[in-house]
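Following: one structure in structure tokens, then a few remarks.
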Amino acid sequence: MSREPQNLLVPFRRDKKRDFASGTGAELLAAKVRQVLLTEGAAPHSYGELPWRTSFGAGLARLRHQRNDAVLAELARVYVRDALARWLPGVQLMQTRVEQTSTSLRIHLRVHEHDTTTAADVHLEE
56 MSREPQNLLV PFRRDKKRDF ASGTGAELLA AKVRQVLLTE GAAPHSYGEL PWRTSFGAGL
116 ARLRHQRNDA VLAELARVYV RDALARWLPG VQLMQTRVEQ TSTSLRIHLR VHEHDTTTAA
176 DVHLEE
């Protein structure tokens with residue numbers, strides 16, 4: 056009998072039983088993807104957000120306060136692709152769409168792992 060993997064959802068939040076919420080399937084996959092993409096990894100001007108693994112993350116925060124043009128959108132795609140390949144190698148990036156406004160960047164993803172496919176969004180504002 057095969058059980059679907061269950062793990063804590065990130066960012067951490069409480070469930071109705073006053074414990075940390077856990078999930079499976081699409082909910083867990085989206086949480087893992089958002090955790091990687093929204094964690095700031097080490098860069099030339101930052102030490103990284105996690106002291107025990109400073110390189111973990113995508114570095115998307117480096118895109119804030121930059122010229123919001125086609126080059127920025129392509130950089131966002133590259134950062135997402137590279138971070139997922141490095142930190143979630145079992146996850147297949149199926150689609151990346153970057154939506155730009157004058158003050159924000161929204162990245163829409165479609166990802167697949169094992170028999171689960173889901174969408175995840177990441178939103179960066181100035």
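56 is the number of the first residue of the sequence shown in my numbering; add one for each residue after it. All C-beta atoms in this analysis are idealised placements derived from N, C-alpha and C, irrespective of residue type, glycine included.
For Glu-154, the secondary structure class from DSSP, reduced to helix, strand or coil, is strand. A contact is defined here as three or more CB-CB pairs under 8 Å, and the stretch 165-174 fails this definition with respect to the stretch 118-134. Contact check for Gly-96 against Gly-80 fails: the beta carbons are separated by 9 Å or more. The bridge partners DSSP lists for Glu-82 come to none.
Straight through space, the alpha carbons of Phe-111 and Leu-143 are spaced by roughly 11 Å. In the DSSP assignment, Arg-161 falls within the unbroken beta strand (DSSP E) covering 159-168.
DSSP places Val-177 outside any alpha helix (DSSP H); the residue lies instead in the beta strand (DSSP E), whose first and last residues are 171-180.
Nearest to Gln-155 by C-alpha distance, out of Ala-175, Ala-85, Glu-129 and Val-88, is Glu-129. A check of alpha carbon separations from Gln-150 across Thr-158, Ala-131, Leu-179 and Ser-157 identifies Ala-131 as the nearest. Taking the CA atoms as reference points, Thr-172 sits about 30 Å from Thr-158. For Gln-147, the three-state secondary structure derived from DSSP is strand.
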